[in-house]
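Below is one structure, written out as structure tokens; the observations come after it.
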Amino acid sequence: SQDFGGLKVLVTGGASGIGRATAELLAARGAQVAVLDLNPEALKDGDTPLLAYRADVTDDASVREAVTAAVADLGGLDVLVNNAGIGAQGTVEDNDDDEWHRVLDVNVVGMVRTTRAALPHLRASDRAAIVNTCSIAATAGLPQRALYSATKGAVYSLTLAMAADHVREGIRVNCVNPGTADTPWVGRLLDATDDPAAERAALEARQPTGRLVSADEVAGAIAYLASPLSGATTGTALAVDGGMQGL
Ligand code: NAD
7 SQDFGGLKVL VTGGASGIGR ATAELLAARG AQVAVLDLNP EALKDGDTPL LAYRADVTDD
67 ASVREAVTAA VADLGGLDVL VNNAGIGAQG TVEDNDDDEW HRVLDVNVVG MVRTTRAALP
127 HLRASDRAAI VNTCSIAATA GLPQRALYSA TKGAVYSLTL AMAADHVREG IRVNCVNPGT
187 ADTPWVGRLL DATDDPAAER AALEARQPTG RLVSADEVAG AIAYLASPLS GATTGTALAV
247 DGGMQGL
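All residue numbers for the sequence shown refer to full-length UniProt numbering, where the first residue is 7 and numbers rise by one.
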């Protein structure tokens with residue numbers, strides 16, 4: 007459609023889960039989409055042709071190289087979707103300093119690196135937007151998620167600060183706050199339990215909707231915030247949590 011046609015988009019962590027659903031949704035609607043991921047070969051089994059670049063968001067040189075290559079192949083950049091992220095479980099007593107630095111480096115500083123590399127290109131766009139994948143963990147006070155929640159709280163604050171810094175340049179910055187989304191990540195967590203089917207049923211029962219959020223539903227929210235459809239929206243968090251926080 008007009009809102010997505012020709013939109014030049016880079017999605018980090020776009021080879022799996024929410025990032026992949028976002029890349030495929032936007033490409034299906036006429037956007038030109040490039041994926042930056044640690045593991046781009048995971049895209050090979052898909053039907054949607056996507057540009058793919060290997061990079062690690064904790065390695066500044068690899069990020070700069072991949073962004074430069076993606077922008078050259080796309081012929082510019084309108085949208086950065088900062089989605090790459092990893093999980094961590096436990097209370098503050100369960101993760102040591104190295105683990106804190108490692109997860110903060112991916113989930114927070116990783117977004118800073120990709121954003122720094124993308125900003126000069128976004129400034130040249132007349133429909134520039136950044137969408138960060140945050141989480142309900144940013145504000146929900148979830149048990150056993152101290153480190154993960156702290157990284158997502160930082161992503162939320164970073165979203166607001168970036169929105170303020172770049173609004174005059176015409177760059178909008180928003181985030182999505184998914185609840186529990188049915189992605190390979192959550193599949194891996196369930197598979198690590200003694201009874202994955204029972205754990206999944208219990209997880210679903212805790213959702214107001216009785217089911218998990220789908221990756222496509224999160225992708226829909228990201229696509230909205232990425233496109234001129236949300237042209238007057240910046241500095242907001244859009245919950246995609248099946249009512250988890252609001253009800
Ligand atoms: P996923 O594990 O299915 O996909 C994550 C992708 O990021 C993978 O392709 C992985 O290779 C890539 N990645 C990880 N570390 C990277 C790095 N250092 N550099 C480059 N790429 C890297 O996970 P998902 O569930 O789709 O999660 C995506 C985002 O959504 C994350 O930021 C996560 O925190 C957020 N989120 C997920 C949920 C959920 O329930 N699944 C809920 C809220 C927020």
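By construction, the Cβ of each residue, glycine as well, lies at the ideal position given by its N, Cα and C atoms.
Just how far apart, CA to CA, sit LEU153 and ALA143?
For LEU153 and ALA143, the distance between alpha carbons rounds to 10 Å.
How about ALA238 and ALA135: are their beta carbons less than 8 Å apart?
The answer is no: Cβ separation not under 8 Å.
May I have the straight-line CA-CA distance separating VAL39 from ALA48, to the nearest angstrom?
Distance between the alpha carbons of VAL39 and ALA48: 16 Å.
Is it the case that the CB of ALA61 approaches a heavy atom of ligand 1 more closely than 7 Å?
Annotation for ALA61 indicates a beta carbon within 7 Å of some heavy atom of ligand 1.
Return the Cβ separation of THR165 and ASN138 in integer angstroms, given the expectation that the two are a contact with Cβ distance under 8 Å.
The distance from the Cβ of THR165 to that of ASN138 is about 5 Å, consistent with a contact at the 8 Å cut-off.
Under 7 Å from any heavy atom of ligand 1, does the C-beta of VAL112 make it?
Answer for VAL112: yes, Cβ within range of ligand 1.
Start and end of the alpha helix (DSSP H) containing LYS158?
From DSSP, the alpha helix (DSSP H) with LYS158 extends over 152 to 172.
In three-state DSSP terms, what is ARG26?
Three-state DSSP puts ARG26 in a helix.
Tell me the rounded alpha-carbon separation between ALA167 and ASP51.
Cα atoms of ALA167 and ASP51: separation of roughly 38 Å, rounded to the nearest angstrom.
Is it the case that the CB of VAL115 approaches a heavy atom of ligand 1 more closely than 7 Å?
No; taking the cut-off as 7 Å, the Cβ of VAL115 has no heavy atom of ligand 1 nearer than that.
Coil, strand or helix - ALA187 by DSSP:
Reduced to three states, the DSSP call for ALA187 is strand.
Helix, strand or coil, according to DSSP, for ARG60 in the structure here?
ARG60 sits in a strand when the DSSP states are folded into three classes.
Extent of the continuous alpha helix (DSSP H) to which ALA124 belongs:
Counted as a single uninterrupted DSSP element, the alpha helix (DSSP H) harbouring ALA124 occupies residues 116 to 128.
Within 10 Å of its beta-carbon, does LEU184 have 16 or more other beta-carbons around it, so buried, or fewer, so exposed?
The amino acid occupying residue 184 in the given sequence is Pro; Leu does not appear at that position. PRO184 is buried by the Cβ-count criterion.
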